[in-house]
Amino acid sequence: MIYCGSQLIVGDGKTVIPEGALCVGEDGRIRAVGTRAELTARFPEEPVTEFPHASLLPGLFDMHVHFGYYYSQPDQENFDDFMIAYYAAEQARQAIRLGITTVRDVSSPHNLCNRLRQAGEKGWLTVPRIFHTDTGICMTGGHGHDDGIPEVDGPWAIRKKIREQIRDGADWIKLLTSNRSPIPEFTQEELNAAVDECHRVGKKCVVHAGLQPAIQMCIDAGFDTIEHGTFLTEDQARQMAEKGIAWTPTITAYTVLYEFTRDLLASGADPSDRIAAKAIRDMAFFEPAYLAYKNNFKKFYDTGVTVLAGSDMVLYGAPPLPINRELSLMVEYGITPVQAIATATGNPARVMGLESVTGQLKEGLTADLLVVSGNAAQDITALNRLQRVFLGGKEVYRPE
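Counting in the numbering used here, the sequence shown runs without a single skipped number right up to 1599 at its last residue.
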């Protein structure tokens, strides 16, 4: 089958083919990419599907999801293992409906992502490709301990927990070492041990670090990706670029939290409401966080640090998995739509070691394909107008 659009965005951050097309084989892999004229001449026997006034682009990655995060639900007392599994399945369904064909889950209840992935492999559910960190690891009393993340202290205890999580199927390892306090949670010795253990056995590691000095400690330790990096500096972004450490800013999560708290304060919200009270208390953090991204994102991007798109949306009532808004904010803050799309396609594929599998529309790769109305190379909001989602060459979603 040949699919044709008004333009084809390859996913490398620069290449756009006007009147672009790709030929997909029966095995779900891309046989060729080029212009409509080139491909119809080269494969005259292939049927052609036209998508006029539309863009073709790779399926999106969301590099920071929590499919099993039910803790902000107002009826969380109802969430036993069965409800959590149903909730996670709904998150996976929403991902497909948003054009997300690959996710990295960076902390959900133990074994949930393994089972969700297996359900997809058995054909019981349609799910994105799932890579995960199992539960993550925090220090005793650290960020996430009240959300079921195991508490571990000391270099050798951390190494043991990493070995257990790898044994149990974790694809990556995650540590959490800062929250709202400038006091780092793990010590440098503990962070160094975690990275050394992961890299020793050929696994990559990710860390939640938003404040100083934790960010610098994680750069020094050599994590593969830093999540949030909210109060990153330009010098640190350059260090990350030099060391090959990628950055997942999760701009939308902090923007939505800022907007939520701002609107609550403006409306005179009842401070006795559990969720509202917590958000109001955190306003002193969310506003400077929102401004840090807004004022610095382009400057940091220009250092050459690899930027990854991740949504991290766990606030009750917020739009699920808003990767489209994440890319829109990146464009609003100064990069081009084509560059923004690469943060959710070619960049994460490279960081995940999947560049020979997916992430670009390129010969030999799996046909993870989105069709969106409009010119996404010029207007990033075209991602809000999905026409089709293909996973491995198979259509898995079209709006009714």
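Cβ atoms here follow ideal geometry from the backbone N, Cα and C, with glycine treated the same way.
Query                                                                                                                                                                                         : Result
How would you label Ala1508, buried or exposed, when you count the other beta carbons within 10 angstroms and need 16 or more for buried?                                                     : buried
Taking one C-beta from the stretch 1322-1341 and one from the stretch 1282-1296 each time, how about it: are there three or more such pairs within less than 8 Å?                             : yes
So Arg1228 and Leu1564 are supposed to be a Cβ contact under 8 Å. How far apart are they, rounded?                                                                                            : 7 Å
Would you list the residues sitting across from Arg1228 in a DSSP beta bridge?                                                                                                                : Thr1565
Taking 8 Å as the cut-off, does the stretch 1303-1315 touch the stretch 1256-1270 (at least 3 CB pairs, one atom from each stretch)?                                                          : yes
Leaving out five residues before and five after Phe1496 in sequence, what residues of the same chain have Cβ atoms less than 6 Å from its Cβ?                                                 : Tyr1532
Please report the residue range of the alpha helix (DSSP H) in which Pro1381 lies.                                                                                                            : Pro1381 -> no alpha helix (DSSP H), and no H or E assigned at all.
Just curious, the alpha helix (DSSP H) that Gly1319 is in, first and last residue?                                                                                                            : 1311-1320
Smallest Cα separation from Thr1432: which of Ala1356, Asp1423, Ile1450, Gly1409?                                                                                                             : Gly1409
CA-CA distance, Ala1483 and Glu1237?                                                                                                                                                          : 57 Å
Please return the same chain residues whose Cβ sits closer than 6 Å to the Cβ of Tyr1285, not counting the five positions on each side in sequence.                                           : none
Can you give the Cα-Cα distance for Trp1371 and Ser1254, rounded to whole angstroms?                                                                                                          : 33 Å
Could you pull the start and end residues of the beta strand (DSSP E) that Thr1447 belongs to?                                                                                                : 1445-1447
Write down every uninterrupted run of the alpha helix (DSSP H) in the stretch 1361-1401 whose length is 4 residues or greater and which is fully enclosed by it, in chain order.              : 1387-1399
Any idea if Gln1559 is buried or exposed, counting beta-carbon neighbours within 10 angstroms, 16 or more meaning buried?                                                                     : buried
Decide if the stretch 1293-1307 is in contact with the stretch 1359-1367; the criterion is three or more beta carbon pairs, one per stretch, under 8 Å apart.                                 : no
Terminal residues of the continuous alpha helix (DSSP H) containing Asp1434?                                                                                                                  : 1433-1442
Roughly how many angstroms separate the alpha carbons of Thr1429 and Glu1249, rounded to a whole number?                                                                                      : 43 Å
Answer with buried or exposed for Thr1449, where buried requires no fewer than 16 other C-beta atoms within 10 angstroms of its C-beta.                                                       : buried
Could you check whether the stretch 1432-1442 touches the stretch 1456-1465, counting it as contact only if at least three pairs of C-beta atoms, one from each stretch, sit closer than 8 Å? : no
Please list, in chain order, all residues of the same chain as Asp1367 whose beta carbon is under 8 Å from its beta carbon, the five residues on each side excluded.                          : His1309, Asn1310, Asn1313, Asp1333
Taking the alpha helix (DSSP H) that Ile1295 falls in, what are its first and last residues?                                                                                                  : 1280-1296
Which class does Lys1593 belong to by DSSP, given the choice of helix, strand or coil?                                                                                                        : strand
May I have the straight-line CA-CA distance separating Pro1354 from Ile1336, to the nearest angstrom?                                                                                         : 12 Å
Along the chain, where does the beta strand (DSSP E) containing Glu1237 start, and where does it finish?                                                                                      : Glu1237 -> not in any beta strand (DSSP E); alpha helix (DSSP H) instead, spanning 1235-1241.
Cα-Cα, which of Leu1590, Glu1599, Arg1597 is closest to Asp1226?                                                                                                                              : Leu1590
Look up Phe1600 in the DSSP assignment and give the residues it is bridged to.                                                                                                                : An answer regarding residue 1600 cannot be provided, because it is not within the stretch 1200 to 1599 covered by the chain.
Roughly how far, in whole angstroms, is the beta-carbon of Leu1520 from the beta-carbon of Leu1297, given that I think they are within contact range, below 8 Å?                              : 6 Å
Count Cβ pairs between the stretch 1216-1225 and the stretch 1540-1558 that sit closer than 8 Å; are there 3 or more?                                                                         : no
Does DSSP put Glu1531 in a helix, in a strand, or in coil?                                                                                                                                    : helix
In three-state DSSP terms, what is His1344?                                                                                                                                                   : helix
Let me confirm a value: Asp1261 is counted as buried when at least 16 other C-beta atoms fall within 10 Å, else exposed. Which label applies?                                                 : buried
Could you check how far apart the C-beta atoms of Ile1479 and Leu1526 are, in whole angstroms? I think they sit under 8 Å.                                                                    : No, Ile1479 and Leu1526 are not in contact; Cβ-Cβ is about 29 Å, not under 8 Å.
On the three-state DSSP scale, how would you describe Pro1518?                                                                                                                                : coil
Cα separation between Ala1488 and Tyr1453?                                                                                                                                                    : 7 Å
Per DSSP, which residues does His1407 bridge with? Please list them.                                                                                                                          : Leu1375, Glu1426
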